[in-house]
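*Asks:*
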Amino acid sequence: MQASAYPDTARRRLLLGASAAAAGTLFSGLARAEDAYPSRAVTVTVPYAPGGQGDVFARILGERLGSKLKQTFVVENRPGASGSLGSRLVVRATPDGYHLLMGQTGEMVVNPFVMPNLGYDPQKDFMPVALVGDSPLVLAVPAASPHGDIKALIEAARAKPDAISYASSGTATPGHLAAAAMSLATKARMVHVPYKGAGQAMADLLGSHVDCFFSSASAAMPHISSGKLRVLAVSTPQRVPALRDVPTVAESVAPGFTFSLWGGFFAPAHTPQPVVDLLNREINAILADPAIRQRFEADGTTVRQNSSAEFAAFVRTEAGKYQQLVKATGVRAEG
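Residues in the sequence shown are numbered consecutively from 0, following numbering that gives the first Met the number 0.
1. Do you know how far the Cα of residue 171 is from the Cα of residue 314?
2. Please state the DSSP three-state secondary structure of residue 119.
3. Quick one: what's residue 98 bridged to in DSSP?
4. Reducing DSSP to helix, strand and coil, say where residue 164 ends up.
5. Between residue 236 and residue 187, what straight-line distance do the alpha-carbon atoms span, to the nearest angstrom?
6. Going by beta-carbon coordinates alone, are residue 279 and residue 57 separated by less than 8 Å?
7. Would you check if there are 3 or more beta carbon pairs closer than 8 Å linking the stretch 135-150 to the stretch 203-212?
8. In terms of residue numbering, what span does the beta strand (DSSP E) encompassing residue 259 cover?
9. Tell me the rounded alpha-carbon separation between residue 29 and residue 311.
10. Quick check: what's the CA-CA separation for residue 226 versus residue 298?
11. At which residue ranges does the stretch 160-228 contain complete alpha helix (DSSP H) runs of 4 or more residues, listed in the order of the chain?
12. Taking residue 279 as part of the alpha helix (DSSP H), name the residues at either end of that continuous run.
13. Over the uninterrupted beta strand (DSSP E) stretch that includes residue 305, give me the two end residues.
14. CA-CA distance, residue 20 and residue 241?
15. Measuring alpha carbon to alpha carbon, tell me which residue in 151, 320, 96 is nearest residue 264.
16. Taking CB distances under 8 Å as the criterion, tell me whether residue 214 reaches chain E.
17. Is the beta carbon of residue 51 closer than 8 Å to that of residue 168?
18. Ordered along the chain, which non-local residues of its own chain (more than five positions away) have a Cβ less than 6 Å from that of residue 164?
19. Would a C-beta distance cut-off of 8 Å place residue 239 and residue 218 closer than the cut-off?
20. When you compare the CB positions of residue 141 and residue 234, do they come within less than 8 Å of one another, or not?
21. In the structure shown, what three-state DSSP assignment does residue 32 receive?
22. On a CA-only basis, which of 44, 224, 309 is nearest residue 139? Give me that one, please.
23. Rank 122, 115, 121, 184 by C-alpha distance to the C-alpha of residue 150 and give the top, closest one.
24. Go to residue 57, then tell me how far its beta strand (DSSP E) extends in each direction, as first and last residue.
25. With a Cβ-Cβ cutoff of 8 Å, do residue 46 and residue 82 count as a contact?
26. For residue 339, which of 137, 126, 161, 87 has the nearest alpha-carbon?
27. Determine, using beta carbons only, whether residue 262 and residue 126 come nearer to each other than 8 Å.
28. May I ask you to report which of helix, strand or coil DSSP gives residue 295?
29. State the CB to CB distance for the pair residue 78 and residue 85, rounded to an integer number of angstroms; the pair is presumed to be in contact (CB under 8 Å).
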């Protein structure tokens, strides 16, 4: 009996040793894979049509990341469902660092409170990688608009309810929420005209098919510089250095009014932390480049260094703020 026990013990030791060796090989293989990241093209999904702030962020950072990491960062626009369609695609992707989302205010902290069947939980299904920028919304009108300032626009809307129209890049997007909140605060009833993306909304604003549009500063600035648009107000509590003479909504017609539009990189949950850390370091290094910083700040965008943990805390705070705003305005997504 005792003699036969030794072979069993030896076999158990052999199996344990083999298992440990296999585990070691697996983990060392994963470590090598992470060390070699990226070894192929990386897809960055922008869940809106081309032309908006997130698209600008993704293309500028994607090009620089590609140069630094020696791989192509492919930007894909997947618009639909106020940013949720593209977000769901990234949630379902393999969490290996090769599928990233340029997540923005709408799909990350607004949609959970306006869309009952969102299909993902931003707080659980994504890993924040790095915040790229935070910018005001600008209340823009065509250059030929009869409304010389925001007070004139509000007075016109009060005098003739539903005569003034405002565009948005989609129902329940931050621009829609901002306009709805302003309308509520000023008791000025206006007509909402939603579009499938900022590009379409901007095109119709330039063509004077709508009266105004709470646009991202980055998307509107080229048209402001060319004289095709005028800005009546900015959505942040303080004035923007790039638009020093433009008042805030809060100081003009709605005390306490504050909205901003931010964008940053997100990865699917369970993406290896070393990959997230690598991307965070590289993105922060790019944002520290004076040329990049100047490019963003010229559009009114605030750029700041941040860790992935700091970005996650920022997203949680924003979610709490927008939950209250959605309740106050009563905005709900279509469908």
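Glycine included, C-beta positions come from ideal geometry on N, C-alpha and C.
*Replies:* Taking the coordinates as given:
1. Between the alpha carbons of residue 314 and residue 171 lies a distance of about 18 Å.
2. Annotated three-state conformation of residue 119 is coil, per DSSP.
3. When beta bridges are read from the DSSP output, residue 98 appears opposite 42.
4. Residue state, collapsed to three classes: strand.
5. When rounded, the distance between both Cα atoms is 21 Å.
6. Taking 8 Å as the Cβ cut-off, residue 279 and residue 57 do not qualify as a contacting pair.
7. The stretch 135-150 is in contact with the stretch 203-212.
8. Unbroken beta strand (DSSP E) run through residue 259: 259-267.
9. Residue placement at residue 29 is flagged as unreliable, the pLDDT there being 44, under the threshold of 50; the coordinate-derived value follows with that caveat. Going from the Cα of residue 29 to the Cα of residue 311 covers about 25 Å.
10. In this structure, the straight-line span from the alpha carbon of residue 226 to that of residue 298 is close to 15 Å.
11. Those alpha helix (DSSP H) runs which fall completely within the stretch 160-228 and span 4+ residues are 173-185, 197-205, 216-224.
12. From DSSP, the alpha helix (DSSP H) with residue 279 extends over 272-286.
13. Looking at the DSSP string, residue 305 is not in any beta strand (DSSP E), and its letter there is neither H nor E.
14. With a pLDDT of 47 at residue 20, under the threshold of 50, the modelled position of that residue is not reliable, and the figure given next carries that caveat. So the two alpha carbons sit approximately 60 Å from each other.
15. That would be 96, whose Cα lies nearest to the Cα of residue 264.
16. Within the model displayed, chain E is absent; a lone protein chain is all it includes.
17. Against a cut-off of 8 Å, the Cβ pair of residue 51 and residue 168 comes out as a contact.
18. Setting aside the 5 residues that flank it on each side, residue 164 is surrounded in the same chain by 190, 192, 209, 210, each with a C-beta closer than 6 Å to its C-beta; the list follows chain order.
19. No; because the gap between Cβ atoms is not below 8 Å, this pair is not in contact.
20. No. Outside cutoff.
21. Note that residue 32 has pLDDT 49, beneath the 50 cutoff, so the model's placement of it is unreliable and no number is given.
22. It is 224 whose Cα lies nearest to the Cα of residue 139.
23. If we check each option's Cα against that of residue 150, 184 comes out closest.
24. Unbroken run through residue 57 is the alpha helix (DSSP H), 52-68; no beta strand (DSSP E).
25. Cβ distance < 8 Å, so residue 46 and residue 82 count as in contact.
26. Here the chain comprises residues numbered 0 to 334, so residue 339 is not present and cannot be evaluated.
27. Not in contact: residue 262 and residue 126 (Cβ atoms no closer than 8 Å).
28. Helix, per DSSP.
29. Going by Cβ atoms, the distance from residue 78 to residue 85 rounds to 7 Å, so yes, they are a contact pair.
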